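Read through the structure below, which is laid out as structure tokens, and then see the notes.
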Amino acid sequence: MLHFELVTPEKLVRSESVYMVTVPGTEGDFGVLEGHAPFMSTIRDGDLLVQRSEKGEAERIAIRGGFAEVTPKGLTILAEQAG
Amino acid sequence: MASLKALKLRIGSVKSTQKITKAMKMVAAAKLRRAQEAAEAGRPYASRVEQVVASLASKVQVTEGSSPLLAGTGSDQVHLFVVATSDKGLAGAFNSNIARLARRRALELQEQGKTVKFLTIGRKGRAVLARQFRDGFVHAVEPGDLGKLTFADAKGYADDLIRRFEAGEFDVAHLFYATFKTVLTQEPTEQQLIPVKVPTPAVATSQPSADAVVEYEPSEEAILDSLLPTNIAVQIYRAIRENAASEQGSKMTAMDNATRNAGDLINRLTIEYNRTRQAAITTELVEIISGAEAL
Numbered sequence: 106m107l108h109f110e111l112v113t114p115e116k117l118v119r120s121e122s123v124y125m126v127t128v129p130g131t132e133g134d135f136g137v138l139e140g141h142a143p144f145m146s147t148i149r150d151g152d153l154l155v156q157r158s159e160k161g162e163a164e165r166i167a168i169r170g171g172f173a174e175v176t177p178k179g180l181t182i183l184a185e186q187a188g
Numbered sequence: 012m013a014s015l016k017a018l019k020l021r022i023g024s025v026k027s028t029q030k031i032t033k034a035m036k037m038v039a040a041a042k043l044r045r046a047q048e049a050a051e052a053g054r055p056y057a058s059r060v061e062q063v064v065a066s067l068a069s070k071v072q073v074t075e076g077s078s079p080l081l082a083g084t085g086s087d088q089v090h091l092f093v094v095a096t097s098d099k100g101l102a103g104a105f106n107s108n109i110a111r112l113a114r115r116r117a118l119e120l121q122e123q124g125k126t127v128k129f130l131t132i133g134r135k136g137r138a139v140l141a142r143q144f145r146d147g148f149v150h151a152v153e154p155g156d157l158g159k160l161t162f163a164d165a166k167g168y169a170d171d172l173i174r175r176f177e178a179g180e181f182d183v184a185h186l187f188y189a190t191f192k193t194v195l196t197q198e199p200t201e202q203q204l205i206p207v208k209v210p211t212p213a214v215a216t217s218q219p220s221a222d223a224v225v226e227y228e229p230s231e232e233a234i235l236d237s238l239l240p241t242n243i244a245v246q247i248y249r250a251i252r253e254n255a256a257s258e259q260g261s262k263m264t265a266m267d268n269a270t271r272n273a274g275d276l277i278n279r280l281t282i283e284y285n286r287t288r289q290a291a292i293t294t295e296l297v298e299i300i301s302g303a304e305a306l
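Encoded structure:
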């Protein structure tokens, strides 16, 4: 499972284990699964797709501005606004 | 000695003052808890942005083309002081401590022949500083209740600041606010906002995420450029949050003292009231007895 955190300046919105997250990057969407290589990208305004399990429905979270950081520990999205 | 009636009125008025200060203390305590929670909730974001900016800034070469937010304007002649205080008083020395630190630093810089300009967030800071530095004011914001400010507000202030910077109004920006330590101590703090302070390499390399294998999209420079304005907004937002907690902490302490003082005053006045009453009774008795004896 992928450890996923969504943080805004106001608070920590999400911190949970998920299957996959699709992030709207500035240069195109990218999906992050467990074990993704270390990576950092700015994001454009759009929807984050969070899939809790392989077959499950994806949940949409609207985010605005910020960047995504993938480390061996997981994925952290720092958004200026979320939800 | 004051008359009985005057004393009674006086006790009544001190009692109602005490009721007010007690209520204000309780309100401040409730608001303090919320402000503290808010300050803590904002910490993960602020520290993460700071880390990323630090690790990127230490990797990127400062060149001609670098963002002036990182490289500076090449001069340090004009300083802008962003002084964050609150709009309301009755919070002990909270506002004046911040203003005093800003004033001391401003005088130091003026002695070195620099120009100091002011931008205040909060009416109280403006009131104190305007007396001495009337000419230096570029802008004053009155944010109202600090606890209600959102990140969008802070971003607005940051955007305004960056616009002024790009228009060449100043070379260096400093931010003044009070760091919340405990309910009893709030420390006036100065922080350099523009250009960004790049930490020494020792600090940056100690982070495990700063490995060479990280891929960047679009590029390190582009990410850094988009992050620098955000970082300024984050710093201002944090300062406001710290201020919100400090203000309530300081207010709570001040109102607690006021309540206690009112209590002491009431005790003293009550004793005086009782003595006066007893003296009046004694005088009356003496009059009656000596009247009876004379018969």
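So the protein sequences, as listed, match chains A and B. Per the numbering used here, residue 106 is the first one in the first sequence, and the count goes up by one each step. Per the numbering used here, residue 12 is the first one in the second sequence, and the count goes up by one each step. C-beta atoms are modelled at their ideal positions from N, C-alpha and C, and glycine is treated no differently. These figures come from a predicted structure and were not determined experimentally.
Nearest Cα to S14(B) within the set T294(B), T287(B) and I300(B): T287(B). Of all residues in the region 232-251 of chain B, the ones placed with a Cβ closer than 9 Å to any Cβ belonging to chain A are A233, I234, S237, L238, T241, A244, V245, Y248 and R249, in chain order.
Neighbours of E228(B) in chain A, taken as residues at a C-beta separation under 8 Å, are given in chain order as G130, T131, E132, F144, M145, S146 and T147. The CB of F172(A) comes closer than 8 Å to the CB of V63, I234, S237 and L238 in chain B, given here in chain order. Chain-order list of chain A residues neighbouring P55(B): V112 and L117, by C-beta distance under 7 Å. Among the residues of chain B, those whose CB is under 7 Å from the CB of L183(A) are Y56, R59 and V60, following chain order. Where T241(B) is concerned, the enclosing alpha helix (DSSP H) starts and stops at E231 to A305. DSSP, reduced to helix, strand and coil, places E226(B) within a strand of the structure shown.
Around A165(B), the same chain offers A244, I247, Y248 and I251 as residues with beta carbons nearer than 7 Å, after the five sequence neighbours per side are excluded.
Pairing V194(B) with L80(B) gives a Cβ-Cβ distance that is not under 8 Å.
In the three-state scheme derived from DSSP, where H, G and I count as helix and E and B as strand, Q197(B) is classed as strand. About 27 Å separates the Cβ atoms of F176(B) and A50(B), ruling out a contact at the 8 Å cut-off. Any Cβ of chain A closer than 8 Å to the Cβ of A52(B) would place that residue at the interface, and such an atom is present. By alpha-carbon distance to P55(B), the top candidate from E164(A), P129(A) and V118(A) is V118(A).
The CB of F162(B) comes closer than 9 Å to the CB of T113, P114, E115, E185 and Q186 in chain A, given here in chain order.
Residues of the same chain with a CB within less than 6 Å of the CB of G85(B), apart from the 5 flanking positions on each side, do not exist. A Cβ-Cβ separation of about 6 Å places L153(A) in contact with V128(A) under the 8 Å criterion. The Cβ of V71(B) sits no closer than 8 Å to any Cβ of chain A.
If you draw a straight line from the Cα of Q259(B) to the Cα of I132(B), it comes to about 17 Å.
By the rule that beta-carbons nearer than 8 Å mark a contact, V225(B) touches chain A. Between the region 116-132 of chain B and the region 88-98 of chain B there are three or more C-beta pairs closer than 8 Å, enough to call the two in contact. Here the C-alpha atom of T270(B) lies approximately 18 Å from the C-alpha atom of L43(B).
When Cβ pairs closer than 8 Å are counted between the two stretches, the region 16-35 of chain B is seen to touch the region 270-285 of chain B, the count reaching three or more.
At the C-beta level, A189(B) and N108(B) come within 8 Å of one another. Apart from the 5 residues on each side of it in sequence, V155(A) sits with its Cβ closer than 6 Å to the Cβ of V123, V126 and E164 in its chain, given in chain order. With a cutoff of 8 Å on beta-carbon distance, K262(B) and L101(B) are scored as near each other.
Exposure of Q88(B) is indicated by the presence of fewer than 16 other C-beta atoms within 10 angstroms of its C-beta. Shown here, M106(A) sits in coil according to DSSP, grouped into three states, outside any helix or strand.
Distances from the CA of S27(B) to each of Y168(B), P154(B) and A273(B) were compared; the closest alpha carbon is that of A273(B).
Inter-residue distance for V149(B) and I173(B) is about 14 Å (C-alpha atoms, whole angstroms). T241(B) and L107(A) have their C-alpha atoms roughly 27 Å apart. Secondary structure at S158(A): coil, using DSSP grouped into helix, strand and coil. Beta-bridge analysis with DSSP links H185(B) to F92(B) and Q203(B). Taken in chain order, the complete alpha helix (DSSP H) segments of 4 or more residues contained in the region 93-139 of chain B are 105-122. For P177(A), there is no enclosing beta strand (DSSP E), as DSSP gives it neither H nor E. At the C-beta level, D171(B) and R134(B) stay beyond 8 Å of one another.
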